[in-house]
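Numbering (our numbering), first residue to last: 2 to 272.
In what follows, a structure is listed as structure tokens, so that the remarks can point back to it.
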Amino acid sequence: MRLLFIGDVVGRAGRIAVVDQLPKLRLAWGLDFVVVNGENAAGGFGVTESICDQFLSAGADCVTLGNHSFDQREALVFIARQPRLIRPVNYPRGTPGKGANLFETATGERVLVVNILGRVFMDPLDDPFAAIERELEACPLGVGCDAAIVDFHGEASSEKQAFGHFVDGRVSLVVGTHTHVPTADYQILRQRTAYMTDAGMTGDYDSVIGMDKEEPLRRFTTKIPASRFEPASGPATLCGVAVELDARGLAAKIAPVRIGGRLTEARPDFW
């Protein structure tokens, strides 16, 4: 199975990159399943129903979220009727939507997608380690699903790395989101789980983590806010990770993806 995960889409520039690039990548690489993190897609904060539909129409099978899941209040309503939009599974009981779901590819493989929010330097939600245990007990790899993808939305690299080792051999891919900077540690762990601490953002890198530079610089240098943060609007780099799975649903190959914009291009050389 061929998987593509696309990191945090920031603003209009990021959306344009996904809508322009994903249909071509899906065809050229013969992708079986695509996940897009969309929690910053609407003006840098949250996602709307129309934007979610854009990603799904462009070729995403699932859209994951994070700590900005409900910054757009309409998400509280439409997430309940959109099973392909996944918010963190460790939100409190009663939060609208699902934190995990089972999807089927065009060729009949079952793919479990779980979105989890870290707790280090983040809002203190339920234990992410206990949360993934519950999900994997309910839908174990090789029994309940043919592939399992975890989007770990967190600040601390140590927490993400610990989580990767915790589920090594039990999921297909653990990929971090939230920090908006692609890491160079893409690897296959000892028991064949693909891992990357952060997929990076899909947005304009002539920015401060996707935001126009003026207001963040003002706040860092003067501590005085003057306006709200606005997404940078220059050409975006589509960032993510590509993974090929073996017959057991574990990783055989992994590579970073960086296309367009300011960053040095990277594409998988095995497709």
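Where a beta carbon is used, it is the ideal one built from N, C-alpha and C, also for glycine.
- If you look at V64, you'll find it in the beta strand (DSSP E) that goes C63 to T65.
- Here the alpha carbons of L126 and G31 stand approximately 37 Å from one another.
- Restricted to the segment 23-111, the beta strand (DSSP E) segments that are unbroken, complete and at least 3 residues in length are 34-38, 63-65 and 101-105, listed in chain order.
- Looking at the DSSP output, P232 bridges to M212.
- The three-state reading of DSSP puts D152 in strand, counting E and B together.
- Per DSSP, the unbroken alpha helix (DSSP H) holding F167 starts and ends at S158 to F167.
- For the options R259, T198 and G145, the alpha carbon positioned closest to that of A163 is the one of T198.
- Rounded to the nearest angstrom, the gap between the Cα atoms of K25 and V19 is 10 Å.
- The beta carbon of Q22 sits closer than 8 Å to the beta carbons of L239, I260 and G261 from its chain, once the five residues preceding and following it are set aside; these are given in chain order.
- Counting along the chain, R3 sits inside the beta strand (DSSP E) bounded by residues R3 to I7.
- Excluding sequence positions up to five before and after P97, its CB lies within less than 7 Å of the CB of L77, I80 and A81, all in the same chain and listed in chain order.
- A check of alpha carbon separations from F167 across I52, K224 and A132 identifies A132 as the nearest.
- In the DSSP annotation of this structure, the continuous segment of the alpha helix (DSSP H) that includes L137 starts and ends at P129 to A139.
- Looking at the backbone, the Cα of Y206 and that of S234 are separated by about 10 Å.
- Under DSSP, E266 takes part in no beta bridge, so it has no partner.
- DSSP lists H154 as the beta-bridge partner residues of T178.
- Shown here, L251 sits in coil according to DSSP, grouped into three states, outside any helix or strand.
- The segment 54-66 and the segment 110-119 touch, with no fewer than 3 CB-CB distances between them shorter than 8 Å.
- In this structure, V172 and T194 form a Cβ contact; the two beta carbons are roughly 6 Å apart against a cut-off of 8 Å.
- Counting along the chain, the unbroken beta strand (DSSP E) around Y196 starts and ends at A195 to M197.
- Within the DSSP secondary-structure output, L246 pairs in a beta bridge with A252.
- Counting of Cβ neighbours within 10 angstroms places D9 among the buried residues, the total reaching 16 or more.
- In the same chain as G145, and ignoring 5 residues on each side of it, the C-beta atoms closer than 8 Å to its own belong to L103, R111, L113 and A139, in chain order.
- If you draw a 10 Å sphere on the C-beta of A107, you find fewer than 16 other C-beta atoms in it, and that means exposed.
- Judged by their CB atoms, A267 and P257 are nearer to each other than the 8 Å cut-off.
- Under DSSP, Q192 forms no beta bridge with any residue.
- In this structure, R16 sits away from Q73, with a CB-CB distance that is not shorter than 8 Å.
- DSSP links V115 through a beta bridge to A101 and V151.
- One thing to note: M212 has its Cβ within 8 Å of the Cβ of G45.
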